[in-house]
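All residue numbers for the sequence shown refer to this note's numbering, where the first residue is 74 and numbers rise by one. Cβ atoms here follow ideal geometry from the backbone N, Cα and C, with glycine treated the same way. A quick note: this is a predicted structure, and the numbers were derived from the prediction, not measured.
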Amino acid sequence: MERNILDVLETRIDEALAMISEVNRRNRSLQEENKELKTKLAESDLRVESLQRTLEEQKIKSDEAILQKYKETEEKLRVRIQSMLAKLDELKVLEGR
74 MERNILDVLE TRIDEALAMI SEVNRRNRSL QEENKELKTK LAESDLRVES LQRTLEEQKI
134 KSDEAILQKY KETEEKLRVR IQSMLAKLDE LKVLEGR
């Protein structure tokens, strides 16, 4: 009977050691996967930051282009208005004759 109990204990110990070995293997696998995922996350974060900077730069360029177009239109209108005012002044001079 005592031999039987020892055999059972030995079997259980072997099973426990096998389970511990499997858990350790799985743990190493999960740690490696975690490391890879952290690396991918860091790369993704860098890409997002780069895209955000690019987007901000494009927004600034777009705003500058819109402002430049506005200034050009403003200048054209100013020139046209001055021209019209000059013509009105000429008409006044001609009417005054």
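| Item | Value |
| --- | --- |
| Alpha-carbon to alpha-carbon, D87 and V121 | 50 Å |
| Spatial distance of Q104 from L90 (CA atoms) | 21 Å |
| Inter-residue spacing [alpha-carbon to alpha-carbon] between K165 and K149 | 24 Å |
| Length of the line joining the Cα atoms of Q131 and R153 | 33 Å |
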